[in-house]
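See below for the structure under consideration.
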Amino acid sequence: MLSRIANSLLWMGRYLERAQHTARYVNVHYFSALDAPNLSKKEYVLDSISCMTGLSYEYDEEILNLEDQNLIYKITLDETNPVSIKSFINNARENARGARDILSSELWESINKFYHSANAYQGKTLTEEEILSFTEMVVHQCAIVNGYIDHSLLHNETWSLIQLGIHTEAAGQLTRMLIAKVRDIEKTEQLKLGKAMETYQCIAMLKSAEGFDMSRVHYKSVPNLKKALEFLILNKDFPRSIIFNLEAVNDCLQKISLVKGEEKGSVEFFAGKLQASYSYLTIEEIQDQILPFLEKTLDDLYKLGSLVDQKIS
Amino acid sequence: MKDSIQLTGNQIFSSYQVEKNLYDEVFDQTGKVKKYYQKVLSLFNKLTLQDLKKLNEFARASFFNQGVTFAVYSDNMKGVERIFPFDLFPRIIPLKEWENLEKGIIQRNRAINMFLYDIYHDRKVLKDKIVPSELIFSSNYYLKEMIGFTPPGKVYTHISGTDLIKHKDGEYYVLEDNLRCPSGVSYVLSNREAMKRTLSKVFSSYNIKPVHDYPEQLLSMIQSVAPEGVDNPTCVVLTPGMYNSAYYEHSFLAQSMGIQLVEGRDLYVDKNFVYMKTLHGSKRVDVIYRRVDDDFIDPLCFRPDSVLGVPGLMGCYREGNVTIINAPGTGAVDDKAVYTYIPEIIKYYLSEEPILKNVHTYRCELEDDLKYVMENMEELVVKPVDESGGYGIFMGHKSTAAQRKDFQDRIKNNPRKYIAQPIMSLSVHSTFIEESEFFEPRHIDLRSFCLMGKGKDFVLKGGLSRVALKKGSLIVNSSQGGGSKDTWVLEG
């Protein structure tokens with residue numbers, strides 16, 4: 006396979022995953038805010054959304070002064086913002102287009118349809134219904150695209166590269182989401198809103214990873230913060246947990262690498278070591294220092310991402 | 002007597018005028034439908050306008066979702082994607098008519114290949130004064146790099162796209178030869194696909210020659226001209242990249258042949274061999290079907306600023322280590338002035354009478370012709386010899402006095418650059434017009450696709466019928482608002 010194509014496949018996977026995570030986060034947070042206990046302060050919600058997507062109030066005057074509707078526009082449809090959902094979809098499609106000749110027609114068509122569905126949203130502001138329908142559409146279309154990735158491609162190098170992109174990004178997005186949520190919880194704690202607020206935040210956290218139902222099934226109760234974090238970071242059976250994605254990253258690297266054995270400093274070595282360190286971790290070891298732990302995780306995932314890029318180009 | 006006949010019957014044909022001075026493909030001069038169109042027409046007659054619009058919408062969505070689009074450049078950073086408008090009314094060519102066309106296309110392309118070999122080797126044709134030497138040597142497309150070099154099988158134009166029209170006399174004429182990797186074949190295949198999906202019923206009532214074997218034929222042609230001694234050649238399609246307006250076609254062809262689509266930056270040259278950079282190291286490339294113009298394929302030989310090509314490619318080619326399809330330098334013949342000599346060229350090399358007619362052409366560089374052109378501007382189409390895509394064309398019958406004056410000056414300043422032809426009235430074909438919601442006659446042409454490999458010739462049975470959607474317009478190019486039709490060659 007051409008190196009350029011390998012790169013396109015990887016990034017196609019990454020952008021698809023990015024679009025999906027961001028859309029789900031916006032959807033869950035914007036709408037859960039409506040019935041949050043003790044009026045969960047809309048500004049906290051919007052703050053949380055922009056923190057997760059990488060738009061930060063703290064550094065950017067312009068963002069600070071945006072009205073709610075405009076901020077939502079910037080995060081969802083604004084093509085001049087490189088971290089908007091729309092930009093992610095455009096990039097995913099551009100990468101797929103560059104590798105189109107080795108994708109199945111079904112997969113390509115599903116991505117192309119996804120792109121055109123997103124283009125149908127043309128307004129400069131979004132009504133609440135549109136925010137709902139747009140973010141749901143994105144999550145939905147991503148599921149369809151993922152279905153075609155899994156069921157219409159040979160599970161060879163092509164598939165492994167897309168999966169590598171998806172899982173690298175999934176681990177990173179989940180970590181960002183957790184950081185944003187842990188910060189939200191710290192902030193609301195200062196407001197002394199009590200237990201109900203913590204539960205509300207936990208539910209939002211789990212829903213943002215589509216894990217609320219399964220976590221209840223797993224724990225046979227509504228999870229508290231500790232359990233929610235354990236579930237999302239360390240549960241090896243939950244496909245959106247950090248550990249699950251790290252394992253998947255290692256599997257993909259094994260499939261792509263021709264050379265056996267993991268040289269020190271190689272991406273295989275680094276990914277293996279990262280996965281191993283999570284495999285024997287307990288929530289008790291990290292719960293008190295959760296924010297520094299997550300920030301370290303994010304750093305490691307950035308490093309993993311750049312090692313993958315180096316390997317491919 | 003009136004100039005046109007009004008059709009009666011179904012509402013969607015109710016404003017259809019059969020023009021007396023034009024050749025209508027579907028109706029004869031009395032307004033009666035031709036035999037081989039009867040079944041299609043009776044189907045359309047059963048449809049209501051609503052049905053038809055629905056089918057139209059369905060076909061359009063199918064193209065859009067498949068991404069069968071071309072890019073139109075605009076201020077918008079993304080560029081606008083358009084589908085190439087597709088008309089539901091197919092063009093039908095009876096077998097007998099087709100067989101003659103096919104023979105003519107092969108004859109013409111054979112002679113062109115022999116001519117190309119000759120002008121890059123012994124130049125007998127020039128010495129015998131069949132074609133004036135200045136005409137060849139003054140061409141920007143004549144490449145000195147090709148002199149004395151023989152491509153595998155002596156094939157230069159592996160893929161050619163002869164453009165044909167039917168004049169009001171009912172005869173086919175060749176308009177252009179298109180010898181530089183012509184585009185459009187992917188539309189032939191997707192038009193057929195769209196047609197099968199939308200009008201399956203009428204489809205099954207005809208016996209139509211298939212077109213789906215084109216990718217297979219193309220690949221076997223490509224493999225047939227691999228460098229000597231290479232058993233299992235690695236073949237690739239070279240594209241300028243996904244921002245090129247024909248990128249869809251490039252990826253479609255690569256995908257349907259099952260070979261790699263590459264860009265210039267994926268390839269490099271080492272010791273006169275071409276390699277592509279892959280995830281697991283380098284892989285040698287034996288045949289390159291390039292969709293990049295001569296000028297851009299090798300910055301060491303041609304345009305030094307090109308980033309689309311591969312530095313050193315021409316060296317590998319001349320060593321016989323890689324085959325380039327089409328051969329560089331075919332543009333010297335794909336020139337509207339050289340075109341006028343093709344009938345003589347056919348007679349010279351093959352000692353046969355040309356099967357296909359040429360449009361009579363006035364060469365402005367000849368004194369008598371120039372005089373005629375200057376005096377009859379209103380009756381003529383004037384074209385620059387080296388432009389494609391329908392650009393820079395002067396249409397005499399629609400010109401103003403100022404435009405005529407302007408073109409006369411241009412021609413006087415550079416007579417070699419211009420040729421003139423009588424205005425050919427392209428035949429018309431019933432076409433569904435969205436604005437009026439009626440079927441109306443529109444001008445059409447036919448782009449054929451001919452493959453030539455080592456010991457094999459192949460003409461795609463059908464081709465791309467392009468239609469000028471603007472009323473009265475004779476320009477069918479997609480960049481100028483043209484659309485297309487599925488083209489059926491009937492079996493027996």
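In order, the protein sequence lines correspond to chains A and B.
Just so we're aligned, residue 6 is where the first sequence starts under our numbering, counting upward by one.
Just so we're aligned, residue 2 is where the second sequence starts under our numbering, counting upward by one.
Positions of the beta carbon are idealized from the N, C-alpha and C atoms, including for glycine.
From a predicted model like this one, the values you see are computed outputs, not experimental measurements.
Residue 378 of chain B is a Cβ neighbour of residue 405 of chain B, given a cutoff of 7 Å. The beta carbon of residue 130 of chain B does not come within 7 Å of any beta carbon belonging to chain A, so the residue lies off that interface. Rounded to the nearest whole angstrom, the C-alpha separation of residue 28 of chain A and residue 94 of chain A is 11 Å. The count of Cβ pairs closer than 8 Å, one atom from the region 59-72 of chain B and one from the region 126-143 of chain B, stays below three, leaving the stretches out of contact. A straight line joining the alpha-carbon of residue 24 of chain A with that of residue 396 of chain B spans about 52 Å.
Here the C-alpha atom of residue 183 of chain A lies approximately 31 Å from the C-alpha atom of residue 318 of chain A. Here residue 169 of chain A really is in contact with residue 15 of chain A; their C-beta atoms are around 6 Å apart, less than 8 Å.
Contact between residue 270 of chain B and residue 239 of chain B does not hold, since the beta-carbon distance rounds to 13 Å and is not under 8 Å.
Shown here for residue 328 of chain B: same chain residues with a beta carbon closer than 8 Å to its own, the five before and five after excluded, namely 117, 147, 152, 156, 157, 158, 159 in chain order.
Apart from the 5 residues on each side of it in sequence, residue 225 of chain B sits with its Cβ closer than 6 Å to the Cβ of 454, 455 in its chain, given in chain order.
For residue 162 of chain B, same chain residues with a beta-carbon under 6 Å away, outside a window of 5 residues either side, are 179, 183, 448, 450 in chain order. For residue 27 of chain A, the enclosing alpha helix (DSSP H) stretches over residues 8-37. Residues of the region 8-42 of chain A that bring their beta carbon within less than 7 Å of a beta carbon in chain B comprise 8, 9, 11, in sequence order. Classified as buried, residue 175 of chain A has 16 or more neighbouring CB atoms from the shown chains inside 10 Å of its CB. Within the region 114-127 of chain A, those residues whose Cβ lies closer than 8 Å to any Cβ of chain B are, in chain order, 114, 117, 118, 121.
DSSP places residue 200 of chain B outside both helix and strand once states are collapsed to three, so it counts as coil.
With a cutoff of 7 Å on beta-carbon distance, residue 475 of chain B and residue 444 of chain B are scored as near each other. Here DSSP, grouped into helix, strand and coil, assigns residue 279 of chain B to strand. In the same chain as residue 166 of chain A, and ignoring 5 residues on each side of it, the C-beta atoms closer than 7 Å to its own belong to 11, 14, 15, 261, in chain order. Secondary structure of residue 207 of chain A (DSSP, three-state): helix. Within its own chain, the residues whose Cβ lies closer than 7 Å to the Cβ of residue 274 of chain B, once the five positions on either side in sequence are excluded, are 285, 317, 322, listed in chain order. Taking the C-beta atoms as reference points, residue 66 of chain B is found no nearer than 7 Å to residue 278 of chain A.
In the DSSP assignment, the residues bridged to residue 237 of chain B are B:261, B:289. Between residue 458 of chain B and the set B:370, B:280, B:31, B:114, the nearest pair of CA atoms involves B:114.
A straight line joining the alpha-carbon of residue 203 of chain B with that of residue 216 of chain B spans about 26 Å. Annotation: residue 25 of chain B to residue 428 of chain B spans about 6 Å, alpha carbon to alpha carbon.
Under the DSSP assignment, residue 444 of chain B falls in the beta strand (DSSP E) whose first and last residues are 439-448. Within the same chain, and ignoring the five residues on either side of residue 210 of chain A in sequence, the residues whose Cβ sits closer than 6 Å to its Cβ are 186, 233.
The distance from the Cβ of residue 332 of chain B to that of residue 124 of chain B is about 17 Å, inconsistent with a contact at the 8 Å cut-off. As summarised for the region 227-283 of chain A, the continuous alpha helix (DSSP H) elements at least 4 residues long and confined to that stretch are 230-239, 247-261, given in chain order. In summary, residue 128 of chain A is exposed, with fewer than 16 beta-carbon neighbours lying within 10 Å of its beta-carbon over all protein chains present. Within chain A, no residue has its CB atom less than 9 Å from the CB of residue 274 of chain B, the nearest being about 17 Å off. Beta bridge pairing from DSSP links residue 355 of chain B with no other residue. Note that the region 334-344 of chain B touches the region 407-421 of chain B; at least 3 beta-carbon pairs, one per stretch, sit closer than 8 Å. When only Cα atoms are considered, residue 306 of chain A and residue 177 of chain A end up about 6 Å apart. In the three-state DSSP reduction, residue 398 of chain B falls in the helix class (H, G or I).
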